[in-house]
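Numbered as in this note's numbering, the sequence shown ends at 312 without a single skipped number.
Positions of the beta carbon are idealized from the N, C-alpha and C atoms, including for glycine.
Owing to the predicted nature of the structure, the values given are computational and were not obtained by experimental measurement.
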Amino acid sequence: MKRTGKSRQRIYDQQPASVYRLPIFKRGRKNDVLPQDGEKQAPYPTPDEGLQLQGLLIDTNVYLYDRASYDFLRFLRGYFGEYYRGGFDNPEQGSPQRECDDLEQFPPSPHRLPVASLNLFEAYFLNFICNSLEIWDGVSSIRISRQNLMHTFTERDSHFPYMFAVYAHLKRKRYTIKSGLKFGTDFVLYEYGPAVTHSLYAVHVLIPGIRDSGLAAIDAMQRASNSVKKDLLLVRVNSEGVSDDELMKPDCFAKMSVMEIIVRRRERLTSQAT
39 MKRTGKSRQR
49 IYDQQPASVY
59 RLPIFKRGRK
69 NDVLPQDGEK
79 QAPYPTPDEG
89 LQLQGLLIDT
99 NVYLYDRASY
109 DFLRFLRGYF
119 GEYYRGGFDN
129 PEQGSPQREC
139 DDLEQFPPSP
149 HRLPVASLNL
159 FEAYFLNFIC
169 NSLEIWDGVS
179 SIRISRQNLM
189 HTFTERDSHF
199 PYMFAVYAHL
209 KRKRYTIKSG
219 LKFGTDFVLY
229 EYGPAVTHSL
239 YAVHVLIPGI
249 RDSGLAAIDA
259 MQRASNSVKK
269 DLLLVRVNSE
279 GVSDDELMKP
289 DCFAKMSVME
299 IIVRRRERLT
309 SQAT
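Structure follows, in structure tokens:
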């Protein structure tokens, strides 16, 4: 029997905010979710779940090699990362690229291609907060300890401690967070995930004295966000009292305060339409 739109909407309304399920029926900015047994979703994994991934740090990305574990993480635990679509040097001619060889070996052999990549914020959140990810250095093939990970990531991005303070703040509000690069901002926020809804906010991070933005730049970001039907969310990070030495400590972000300012988009009233 064919379900009506109203019956699907009632099912969607009954889902708790912290749990949502697949498959999805999209209708513009309104989305209906039909429940399916055994496919409960959560915004991120918890330490007691026992999920344990291994990743290889290369430049500013952490690459994952276990397809089954990543599929679970992506579709049922918060849409972390992106599927890998190339970018490494090709192996020598005659050397097959085998995704299934030496599955128990880590770091993997040079012939194994990754299945997905995480950015630094996602990797640190899964490692330090969720205790679900081990990270290995792609050059030395040595496992990076949780105590040294903040220092390692800050060497690659000097603003990492401040930006991660914002990432962790928003992630704990159960948002799905993706890069906002194509919108000219730092992040975009989804209420349920990119497979379920369009993003609600474009996020720009302000770090007083380190990463300030003038009114002209903020107005340009607001206009760009308005053109794609998003509100601009300005997030100010206050790190007073955190010394340079403390910025290298793994929990330094917890000592920072975060303030949010929403710049609402200007909607055209239907009564003004000509």
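Linking Cys290 to Asp283 through their CA atoms gives a straight-line distance of about 10 Å. Contact check for Phe221 against Ser263 passes: the beta carbons are separated by less than 8 Å. Between Gly231 and Leu171, the C-beta gap is not smaller than 8 Å, which leaves the two residues out of contact. For Arg261, the closest alpha carbon among the candidates Met297, Arg302, Leu238 and Thr214 is that of Arg302. Taken in chain order, the complete beta strand (DSSP E) segments of 3 residues or longer contained in the segment 127-208 are 154-157 and 171-175. In this structure Phe191 touches Leu158 by the C-beta definition: roughly 5 Å separates them, less than 8 Å.
According to the DSSP assignment, Phe291 belongs to no alpha helix (DSSP H), since it is labelled neither H nor E. Judged by their CB atoms, Tyr108 and Val177 are not nearer to each other than the 8 Å cut-off. Contact check for Pro288 against Phe166 passes: the beta carbons are separated by less than 8 Å. The Cβ-Cβ distance between Leu208 and Ala240 does not fall below 8 Å.
Here Asp257 is exposed, its C-beta having fewer than 16 other C-beta atoms within 10 Å. Boundaries for Ile215: no alpha helix (DSSP H) harbours it, while the beta strand (DSSP E) harbouring it runs Thr214 to Ser217, taken from the DSSP string. His197 sits away from Arg274, with the two beta carbons spaced by 8 Å or more.
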